[in-house]
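Inspection log for the structure reproduced underneath, given as structure tokens.
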Ligand SMILES: NC(=O)c1ccc[n+]([C@@H]2O[C@H](COP(=O)([O-])OP(=O)(O)OC[C@H]3O[C@@H](n4cnc5c(N)ncnc54)[C@H](OP(=O)(O)O)[C@@H]3O)[C@@H](O)[C@H]2O)c1
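Residue numbers (the numbering used here): 295 to 598.
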């Protein structure tokens with residue numbers, strides 16, 4: 295397949311491009327951040343008039359995986375209009391463009407569409423209740439994409455991994471700080487389901503090749519607090535877990551409201567794939583092996 299990946303300089307986009315390159319032809323879209331990437335790169339400011347049509351016409355992909363977004367919660371709160379343009383309007387327009395040309399469309403959504411008040415896991419059947427601008431604009435995109443492109447895959451994700459800038463993911467946050475001997479806070483009252491971004495990428499590609507469509511939770515199979523996640527990383531990397539201070543997210547100074555419970559069930563995905571999704575410890579092992587093998591430096595080397 296020929297795959298067009300937006301947000302190719304982002305945490306998901308770059309790792310997805312690397313995973314996809316093994317079996318597919320990849321064209322990544324960026325805005326001038328990437329240098330000497332081992333896949334074809336085209337530059338586009340996706341919100342510009344005619345950018346989508348000219349991008350698709352010039353590349354003619356079989357599938358488009360839309361990873362670009364305004365994924366910073368605080369920036370979304372500060373500029374709700376820009377958040378809507380990027381996170382809601384753009385996916386809707388891409389969905390239409392793909393429907394018109396019979397191109398498969400994969401839209402990346404978020405686990406954060408839930409307010410976290412449920413005392414159990416969330417399934418795809420649960421009614422979303424977004425707690426802030428970011429999550430509201432992402433949920434609106436799910437509805438927009440479903441309406442214009444019913445065949446699309448909509449994946450609610452949560453991932454960690456190595457990024458171009460070296461600081462994008464929570465996994466990097468813990469590794470970077472603990473390696474420098476710095477003390478960090480770990481939230482004990484935010485439950486989530488982290489997945490290694492490379493596992494997320496491989497699952498998305500499998501979902502595409504298996505011709506799935508519709509809404510899926512594509513998150514880790516194990517729920518844990520952000521504090522526990524930090525401790526797991528410290529142990530795997532042989533770093534000092536007592537540098538992680540257990541704290542509540544309340545009073546942390548973050549402006550965007552965080553949900554306390556983002557435990558999402560992946561039952562639908564594992565049922566439709568006919569196998570279990572990757573477990574947390576194998577992802578963490580791979581994250582550590584990547585570190586040992588210089589993968590973080592390799593990725594950072596593709597940044598201008
Ligand atoms: N990180 C997580 O754990 C997480 C959790 C839930 C959902 N998600 C979702 O997963 C997807 C990928 O997230 P991520 O963490 O990989 O994001 P990221 O690292 O912040 O990357 C965002 C990407 O979007 C690109 N972009 C932003 N505005 C653009 C524009 N106007 N035109 C073209 N490209 C633009 C950025 O390009 P530049 O480099 O040029 O800025 C960058 O490549 C997003 O949909 C996000 O909402 C992520």
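Every residue, glycine too, gets a C-beta built ideally from N, C-alpha and C. Note that the structure is a prediction, hence the values are computed from the model and not measured.
Sequence-distant residues of its chain with Cβ nearer than 7 Å to residue i (five each side left out)
i           : result
residue 384 : 340 and 341
residue 456 : 466, 584, 589, 590 and 593
residue 559 : 415, 416, 417 and 511
residue 302 : 308, 311, 322, 323, 324, 328 and 335
residue 429 : 404, 406 and 407
beta-carbon residue i near ligand 1 non-hydrogen atom, thresh 7 Å
i           : result
residue 343 : no
residue 353 : no
residue 339 : yes
residue 363 : yes
residue 303 : yes
residue 451 : yes
residue 372 : no
residue 432 : yes
residue 327 : yes
residue 324 : yes
residue 507 : no
residue 405 : yes
residue 300 : yes
residue 496 : no
residue 402 : yes
residue 530 : no
Chain-order list of residues whose beta-carbon lies under 6 Å from that of residue i (same chain, five-residue window excluded)
i           : result
residue 358 : 298, 392, 397 and 399
residue 350 : 391
residue 320 : 297, 311, 314 and 333
residue 423 : 409
residue 501 : 447
residue 304 : 361
residue 532 : none
residue 572 : 493
Three-state secondary structure assigned by DSSP to residue i
i           : result
residue 266 : What the structure shows of the chain is the stretch from 295 to 598, and residue 266 is not part of that stretch, so it cannot be assessed.
residue 379 : helix
residue 371 : helix
residue 562 : helix
residue 508 : strand
residue 543 : coil
residue 402 : strand
residue 589 : helix
residue 408 : coil
residue 519 : strand
residue 490 : strand
residue 549 : coil
Cβ shell of residue i (< 8 Å), same chain only, five flanking positions each side left out
i           : result
residue 541 : 479, 480, 481, 482 and 521
residue 469 : 527, 531, 533 and 585
Report the residue ranges of all beta strand (DSSP E) runs contained in full by the region 420-458; include only those spanning at least 3 residues, in chain order. 447-451
Quick one: complete alpha helix (DSSP H) runs, 4+ long, within the region 333-369? 345-353
Unbroken alpha helix (DSSP H) runs of length 4 or more, entirely within the region 302-328: which are they? Taken in chain order, the complete alpha helix (DSSP H) segments of 4 residues or longer contained in the region 302-328 are 305-315.
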